[in-house]
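Working notes for the structure below.
There are 2 protein chains.
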Amino acid sequence: MDAPQTEIPGYDYGTGKVAKLPISMAEWEELKKSALFSEEDAIYLRLSEDVLAEQVDDLLQVWRGVIFDHPHLRAYDEDPMTHEVDSKYAQAVARRFGRWIIDTARAKYDQAWLDYQYEIGLRHHRSKKNKIDKGHTLGHIRARDLLAFCATIVVPMKPFLAKKGHPPEVVSRMYDAWWKSMILQATLWMRPYIREGDF
Amino acid sequence: MDAPQTEIPGYDYGTGKVAKLPISMAEWEELKKSALFSEEDAIYLRLSEDVLAEQVDDLLQVWRGVIFDHPHLRAYDEDPMTHEVDSKYAQAVARRFGRWIIDTARAKYDQAWLDYQYEIGLRHHRSKKNKIDKGHTLGHIRARDLLAFCATIVVPMKPFLAKKGHPPEVVSRMYDAWWKSMILQATLWMRPYIREGDF
Ligand code: HEM
Ligand code: HEM
């Protein structure tokens, strides 16, 4: 299958190990329209890969900083009995999270990508959280935190997007494209959380 | 009750007619943190009221333009039998939608506001869609369109936020505050869509 080959454990993009997203390619095309996502946005996302590739660790640090600052978010990386962070788990997840920045920037929207979005949703949801890395943490990330966190992902990206000296107008376009992609992905990730027939 | 007094039909903000949001004020405080929403964001939202108040109709036109451009979105304003737009319904909704711009800008987060967020969610969901205005339209807005549409609301606002000549840095702060508020509200609106225990 034409999908990323990496050595990251648990990164099952493009493999038969991930569930199939129960929405079609045609429905995905429709969904992009609901978010005003156009081919131009894909172009600005792709432009961002080069800008972000060398800043992956810095971005992860910003986001993990927010998580560790807030008990209700940190809990998702902690053993609920001991309140100790499961750091093996957190590190395994971080590698895939870093890779996600690149995948988002590449904006290659084929069936393998769609299916992996569903898988990412399942891995936040009680269906599959902890399963991939045999974690010992809280077993479910609430829909509310997953959605609200979109802002924590995208807003702090602006200065990083500006780091390579692109004109403000271009940075702004990259930033908006990231917002659109983030909201579209979070929408797909919600699939396991939504009541039958309501998605 | 200390809530907006208007003559807009069906605008039941602050009245006993709306359902109570089943999350507490303390949980709302927590949720704001998941979105990095701070008191500074509230200040920039409030600054935007003056900028947007005289552009409400223009904004509504932009958003409705997107809806009417896309059959899968227009369907939500159409009679599913005849595919005719229920224009009495659409007009009644538009008045409340316009008022929502002002309410979002005011950022007054008390119990009445929280409860009305729940009500707005219910009015998109099959629980209450069509009920308020006795509409004859499709009975449910899909979670996916409601979430994805956040981008259609916020991204086109940027030039409107700039209309009163604020410096780009200030416009940018207003824009980010709108994004955060939008994602937080969409999160609350999802409550009726989410499986028991998953929210
Ligand atoms: C909308 C913003 C979010 C983004 C972009 C995001 C991104 C990701 C990605 C890319 C992965 C790895 C998926 C894979 O296995 O390849 C992941 C997993 C994970 N994320 Fe998130 N995430 C978000 C929200 C959150 C929040 C709010 C939390 C909690 C603080 C969180 C905690 C986790 C955990 C614990 C895992 C591992 C799940 C498991 O496999 O056991 N994420 N996230
Ligand atoms: C996230 C973006 C959205 C925002 C900010 C938004 C905002 C609003 C507001 C403020 C109301 C009036 C609530 C009240 O009664 O006071 C409303 C109702 C409504 N919205 Fe949305 N909306 C969004 C997404 C959508 C989408 C994607 C559609 C479909 C194209 C849609 C169609 C409607 C309809 C048909 C109603 C009337 C529901 C009823 O009471 O029967 N909205 N919306």
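Chains A and B are the protein sequences, given in the same order.
Residue 179 in the UniProt record's numbering sits at position 179 of the first sequence; the count goes up by one each step and never skips.
Residue 42 in the UniProt record's numbering sits at position 42 of the second sequence; the count goes up by one each step and never skips.
Backbone N, C-alpha and C fix where the C-beta goes; we use that ideal spot for every residue, glycine too.
- Residues of chain A whose Cβ lies closer than 7 Å to the Cβ of S48(B) do not exist, since the nearest Cβ in that chain is about 16 Å away.
- Unbroken alpha helix (DSSP H) runs of no fewer than 4 residues, entirely contained in the stretch 67-118 of chain A, are found at 71-74, 87-106, following chain order.
- The beta carbons of S87(A) and P192(A) sit no closer together than 7 Å.
- About 6 Å separates the beta carbon of L52(B) from that of A105(B), a gap short enough to meet the 8 Å contact definition.
- Taking C-beta atoms under 8 Å as the contact rule, S181(B) and L60(B) fail to qualify, at a distance of about 18 Å.
- Chain order gives no chain B residues near D115(A), where near means a beta carbon separation below 7 Å; the closest approach is about 16 Å.
- At a Cβ-Cβ threshold of 7 Å, R95(A) and I8(A) count as neighbours.
- The DSSP assignment places complete alpha helix (DSSP H) segments of no fewer than 4 residues inside the stretch 25-55 of chain B at 25-34, 39-53, in order along the chain.
- F199(B) is a Cβ neighbour of A143(A), given a cutoff of 7 Å.
- Not a single CB atom of chain B sits nearer than 7 Å to the CB of L60(A).
- Restricting attention to K163(A), C150(A), H166(A), the CA atom closest to the CA of V66(A) is found in C150(A).
- In this structure, the beta-carbon distance from G139(B) to K131(B) does not fall below 7 Å.
- Contact of I183(A) with chain B by beta-carbon distance below 7 Å involves L147, A148, C150, A151.
- Excluding the 5 residues flanking it on each side, M174(B) has same chain C-beta neighbours closer than 8 Å at Y44, L45, L47, S48, V51, L161, H166, in chain order.
- Interface annotation, D12(B): not in contact with chain A, CB-CB separation never under 7 Å.
- DSSP lists I194(B) as the beta-bridge partner residues of I194(A).
- Leaving aside the five residues that flank V93(B) on each side, the residues in its chain whose CB is nearer than 7 Å to its CB run, in chain order, D133.
- Ranked by Cα distance from A112(B), the first of G16(B), H72(B), I101(B) is G16(B).
- Within chain B, A143, R144, L147, A148 have C-beta atoms less than 8 Å from the C-beta of T187(A), given in sequence order.
- Annotated three-state conformation of R144(A) is helix, per DSSP.
- The C-beta distance from L31(B) to L184(B) rounds to 7 Å, short enough to meet the 8 Å contact threshold.
- Secondary structure at R123(A): helix, using DSSP grouped into helix, strand and coil.
- Taking 7 Å as the cut-off, the beta carbon of A148(A) is found closer than this to the beta carbon of A35(B).
- When C-beta distances to chain A are compared with 7 Å, the residues of the stretch 63-86 of chain B below that value are V66, H70, H72, L73, in chain order.
- Between V56(A) and P156(A), the gap from beta carbon to beta carbon reaches 7 Å or more.
- In the structure shown, the three-state DSSP call for F160(B) is helix.
- Annotation for Q185(A): the continuous alpha helix (DSSP H) segment containing it runs 168-189.
- For K164(A), the CB contacts under 6 Å within the same chain, skipping 5 residues up- and downstream, are V51 in chain order.
- From the beta-carbon of I101(A), no residue of chain B is found nearer than 9 Å; the closest lies around 18 Å away.
- Q5(B) sits in coil when the DSSP states are folded into three classes, being neither helix nor strand.
- Taking the C-beta atoms as reference points, V154(B) is found nearer than 7 Å to W179(B).
- If you check the C-beta of I194(A) against ligand 2, you find no heavy atom less than 6 Å away.
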